[in-house]
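*Asks:* Quick note: the sequence shown, position 82, residue 81 per numbering that gives the first Met the number 0, numbers continuous.
Every residue gets a Cβ at the ideal spot worked out from N, C-alpha and C, and that includes glycine.
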Amino acid sequence: MSAATTETNQASVAPGARRLRELFARPGAVRIAGAHNPLGARLAERAGFDGVWSSGLEVSASQGVPDTDILSMSELLAVASSLAGAVRVPVVADCDAGYGNAHNVMNMIRRYEAAGIAAVSIEDKRFPKVNSFIPGRQELAPVGEFCGKIAAAKAAQRTPDLMVIARIEALIAGWGMDEALRRGEAYAQAGADAVLIHAKGSSPEPILQFLAEWRLPTPVVVVPTTYHTITATELAEAGAKLVIYANHGLRAGITAVTDTFASILRDDRTTGVESSIAPLATVFDLQGMAAQKRHEAEFITPFESRARSVVVPGAADAPVEDAAALLDHQTSALRRSGIESVSLATSADAPARLPQDVA
0 MSAATTETNQ ASVAPGARRL RELFARPGAV RIAGAHNPLG ARLAERAGFD
50 GVWSSGLEVS ASQGVPDTDI LSMSELLAVA SSLAGAVRVP VVADCDAGYG
100 NAHNVMNMIR RYEAAGIAAV SIEDKRFPKV NSFIPGRQEL APVGEFCGKI
150 AAAKAAQRTP DLMVIARIEA LIAGWGMDEA LRRGEAYAQA GADAVLIHAK
200 GSSPEPILQF LAEWRLPTPV VVVPTTYHTI TATELAEAGA KLVIYANHGL
250 RAGITAVTDT FASILRDDRT TGVESSIAPL ATVFDLQGMA AQKRHEAEFI
300 TPFESRARSV VVPGAADAPV EDAAALLDHQ TSALRRSGIE SVSLATSADA
350 PARLPQDVA
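Right, dumping it as structure tokens:
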């Protein structure tokens, strides 16, 4: 089977993409939370979020590098794929500026689709991009160039399920509402399944204005990182469909771990933090140990049911050649019976471990 056929088959059975489209077809807001590893994805799923955002900021921060297109597509894809494999809810991947031009975008789409990703978000910045909340350089790509990326993305996907989200950075770059609306309409016409309007002020008013002036049926995605006082319900009532809580797990973890480590060093023991950190039982549960134990009982012969060891009496009075042959015969028979450890009783009645080639 060719690699292309394998990718096609994988993409055709990805349930996350179909699930996301079903969520978009229902009333109300779809809420997803950011993660940078499978553990975070499972925490988001267990909390009740509709999906997981494979956050470029979170993945970059977890690797100790800035969110400025330093990590490669393969590195970010590996994380997104691991999230999709760990949860049942859809995974939406932050794909920055598409990792290059339209050729790069088409390659990206094929690989993310094959990995079971439900949607990809591409922003209309020049590559390499800079995180939207970093002051300074925020260079936008020409509208025509970015429309070409969107069209290329839609042409590259192998199933109709994958969603391509066009992220509008005009408000981030200070280009104004008219430009944001103009770009959004162009991206929708180029084939985007949804548009993401991004902003970094503390007030939700620019977002609410965009939603009020948006006239196309293409769904709108929002990311209330800085304008956090507005609720997802209020955003949905204003016209937003997908609400992304993009980096709150990462930020919560930084605070919690910092406080915990400081407390341990201050108190010279962990007693003061034990009541506020997850017990090991929770860790094992999130790892899937219960399922592993069920599989072990079903598929693996229990270790306890096998004889662990036996002592073979030495043939002290036999010639060396005969003793070695007898020992080899006895050891082989015991191995076939499932004996795991064979020891040789010496003349002093003290068991001696057989050499590695015998034992």
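(1) If you reduce the DSSP assignment to three classes, tell me which class GLY47 lands in.
(2) Assuming the contact rule is C-beta atoms closer than 8 Å, LYS199 and ILE171 should be a hit. Round their C-beta distance to whole Å, please.
(3) With DSSP as the reference, label VAL88 as helix, strand or coil.
(4) Can you list, in chain order, the residues of its chain with a C-beta nearer than 7 Å to that of VAL259? Leave out the 5 residues immediately preceding and following it.
(5) When you compare each of ALA251, GLY99, ILE243 to PHE126 by their alpha carbons, which one comes out closest?
(6) Can you list, in chain order, the stretches of the alpha helix (DSSP H) that have 4 or more residues and sit fully within the region 97-135?
(7) By Cβ distance below 6 Å, which residues in the same chain neighbour ALA191 in space, the five residues on each side in sequence not counted?
(8) Quick check on LEU161: does DSSP put it in helix, strand or coil?
(9) How about SER53 and ASP95: do their beta carbons lie closer than 7 Å?
(10) Check whether the Cβ atoms of ALA179 and ILE167 sit closer than 7 Å, and answer yes or no.
(11) Taking just the CA atoms, how far does SER80 sit from MET288?
(12) VAL221 lies in the beta strand (DSSP E); which residues open and close that run?
(13) Which ranges does the beta strand (DSSP E) cover as unbroken runs of at least 3 residues, wholly within the region 136-219, from first to last along the chain?
(14) Would you report the Cα separation of PRO26 and GLN62, rounded to the nearest angstrom?
(15) Please classify PRO361: is it buried, with 16 or more other beta-carbons within 10 angstroms of its beta-carbon, or exposed?
(16) Which first and last residues belong to the alpha helix (DSSP H) in which ARG30 is found?
(17) So what does DSSP say about ILE229, is it helix, strand or coil?
(18) Specify, as a first and last residue, the run of the alpha helix (DSSP H) that VAL58 falls within.
(19) Please classify ILE299: does DSSP put it in a helix, a strand, or coil?
(20) Of the residues MET105, SER262, ALA60, ARG250, which one's Cα is nearest the Cα of SER274?
(21) Per DSSP, VAL242 is paired with what?
(22) Measure the beta-carbon distance from GLY248 to GLY39 and round it to whole angstroms, keeping in mind my assumption that it falls under 8 Å.
(23) If the criterion is Cβ atoms closer than 7 Å, does the pair LEU207 and ALA237 meet it?
(24) Under a Cβ-count criterion, where at least 16 other Cβ atoms within 10 Å of its own Cβ denotes burial, should THR217 be classed as buried or exposed?
(25) With H, G and I counted as helix, E and B as strand and the rest as coil, what does DSSP make of ASP266?
(26) Assuming the contact rule is C-beta atoms closer than 8 Å, ILE69 and GLY97 should be a hit. Round their C-beta distance to whole Å, please.
(27) Can you look up ASP93 in the DSSP assignment and give me helix, strand or coil?
(28) With ALA15 as the anchor, note down where its alpha helix (DSSP H) starts and where it stops.
(29) Exposed or buried, which one is VAL362 when buried takes at least 16 other CB atoms within 10 Å?
(30) Measure the CB-CB distance between ALA245 and VAL221 and report whether it falls below 7 Å.
(31) What are the boundary residues of the alpha helix (DSSP H) that THR67 is part of?
(32) Pick from PHE298, ARG41, VAL51: whose alpha carbon is nearest that of VAL91?
(33) Distance check for ARG265 and ALA231, CA to CA, integer angstroms please.
(34) Can you grab the Cα-Cα spacing for the pair VAL104 / GLY115, in whole Å?
(35) Compare the Cα-Cα distances from PRO203 to each of LEU139, THR228, ARG335, ALA118 and report the closest residue.
*Replies:* The relevant details are as follows:
(1) Counting from one through the sequence shown, the residue named residue 47 turns up at place 48. Residue state, collapsed to three classes: coil.
(2) Mapped onto the sequence shown, residue 199 falls at position 200. Mapped onto the sequence shown, residue 171 falls at position 172. For a cut-off of 8 Å, the C-beta gap from LYS199 to ILE171 is around 6 Å, short enough to register as a contact.
(3) Walking along the sequence shown from the start, residue 88 turns up at place 89. Note: VAL88 maps to coil in three-state DSSP.
(4) Position 260 of the sequence shown, counted from the first residue, corresponds to residue 259. Residue identity check: residue 259 is Thr in the sequence provided, not Val. Within the same chain, VAL272, ILE276 come within 7 Å of THR259 by CB-CB distance, once the 5 residues on both sides are set aside.
(5) Taking the sequence shown and counting its residues from 1, the one referred to as residue 126 is at position 127. For the residues ALA251, GLY99, ILE243, the minimum Cα distance to PHE126 belongs to GLY99.
(6) Fully contained in the region 97-135 are the following alpha helix (DSSP H) runs of length 4 or more, in chain order: 101-113.
(7) The count along the sequence shown starts at 1 and reaches residue 191 at position 192. ILE149, VAL163, ALA165, listed in sequence order.
(8) Translated into positions along the sequence shown, residue 161 becomes position 162. In the three-state reduction of the DSSP assignment, LEU161 falls in the coil class.
(9) Counting from 1 along the sequence shown, the entry for residue 53 is found at position 54. Counting from 1 along the sequence shown, the entry for residue 95 is found at position 96. The answer is no: Cβ separation not under 7 Å.
(10) Translated into the one-based positions of the sequence shown, residue 179 becomes position 180. Translated into the one-based positions of the sequence shown, residue 167 becomes position 168. In contact: ALA179 and ILE167 (Cβ atoms closer than 7 Å).
(11) Locating residue 288 in the sequence shown gives position 289, counting from the first residue. Locating residue 80 in the sequence shown gives position 81, counting from the first residue. Taking the straight line from one Cα to the other gives about 21 Å.
(12) Stepping through the sequence shown from its first residue, residue 221 is reached at position 222. Here the beta strand (DSSP E) through VAL221 covers 219-221.
(13) The region 136-219 contains these whole beta strand (DSSP E) runs: 162-167, 193-196.
(14) Mapped onto the sequence shown, residue 26 falls at position 27. Mapped onto the sequence shown, residue 62 falls at position 63. Rounded to the nearest whole angstrom, the C-alpha separation of PRO26 and GLN62 is 38 Å.
(15) An answer regarding residue 361 cannot be provided, because it is not within the stretch 0 to 358 covered by the chain.
(16) As a working mapping, residue 30 is identified with position 31 in the sequence shown. Here ARG30 belongs to no alpha helix (DSSP H); instead the beta strand (DSSP E) covers 29-34.
(17) Position 230 of the sequence shown, counting from 1, holds the residue named residue 229. Note: ILE229 maps to coil in three-state DSSP.
(18) Residue mapping note: residue 58 aligns to position 59 of the sequence shown, counting from 1. 55-61 is the extent of the alpha helix (DSSP H) around VAL58.
(19) Indexing the sequence shown from 1 puts residue 299 at position 300. Looking at ILE299 - three-state DSSP - the assignment turns out to be coil, as it is neither helix nor strand.
(20) By 1-based counting over the sequence shown, the position of residue 274 is 275. For the residues MET105, SER262, ALA60, ARG250, the minimum Cα distance to SER274 belongs to SER262.
(21) Translated into positions along the sequence shown, residue 242 becomes position 243. VAL242 pairs with ARG30, VAL221.
(22) In the sequence shown, counting from the first residue as 1, residue 248 sits at position 249. In the sequence shown, counting from the first residue as 1, residue 39 sits at position 40. 5 Å between Cβ atoms; contact.
(23) By 1-based counting over the sequence shown, the position of residue 207 is 208. By 1-based counting over the sequence shown, the position of residue 237 is 238. Yes, the Cβ-Cβ distance between LEU207 and ALA237 is below 7 Å.
(24) For the purposes of this step, residue 217 is taken as residue 218 along the sequence shown, with counting starting at 1. THR217 should be labelled buried.
(25) Position 267 of the sequence shown, counting from 1, holds the residue named residue 266. Three-state result, ASP266: helix.
(26) Counting from one through the sequence shown, the residue named residue 69 turns up at place 70. Counting from one through the sequence shown, the residue named residue 97 turns up at place 98. Contact doesn't hold; Cβ gap of about 16 Å is too wide.
(27) Position 94 of the sequence shown holds residue 93. ASP93 falls in the strand class under three-state DSSP.
(28) As a working mapping, residue 15 is identified with position 16 in the sequence shown. In the sequence as displayed, the identity of residue 15 is Gly instead of Ala. Looking at the DSSP string, the run of the alpha helix (DSSP H) that includes GLY15 is 14-24.
(29) Missing from the structure shown is residue 362; the chain here goes from 0 to 358 and no further.
(30) As a position in the sequence shown, residue 245 is number 246, starting the count at 1. As a position in the sequence shown, residue 221 is number 222, starting the count at 1. No; because the gap between Cβ atoms is not below 7 Å, this pair is not in contact.
(31) As a first step, residue 67 is located in the sequence shown; it is residue number 68 there, counting from the start. Where THR67 is concerned, there is no enclosing alpha helix (DSSP H), given that its DSSP letter is neither H nor E.
(32) Numbered from 1 along the sequence shown, position 92 holds the residue referred to as residue 91. If we check each option's Cα against that of VAL91, VAL51 comes out closest.
(33) Residue numbering aside, residue 231 sits at position 232 when the sequence shown is read from its first letter. Residue numbering aside, residue 265 sits at position 266 when the sequence shown is read from its first letter. Taking the Cα positions, ALA231 is about 40 Å away from ARG265.
(34) Position 105 of the sequence shown holds residue 104. Position 116 of the sequence shown holds residue 115. When only Cα atoms are considered, VAL104 and GLY115 end up about 17 Å apart.
(35) Counted from its first residue, the sequence shown places residue 203 at position 204. When only C-alpha atoms are compared, the closest one is THR228.
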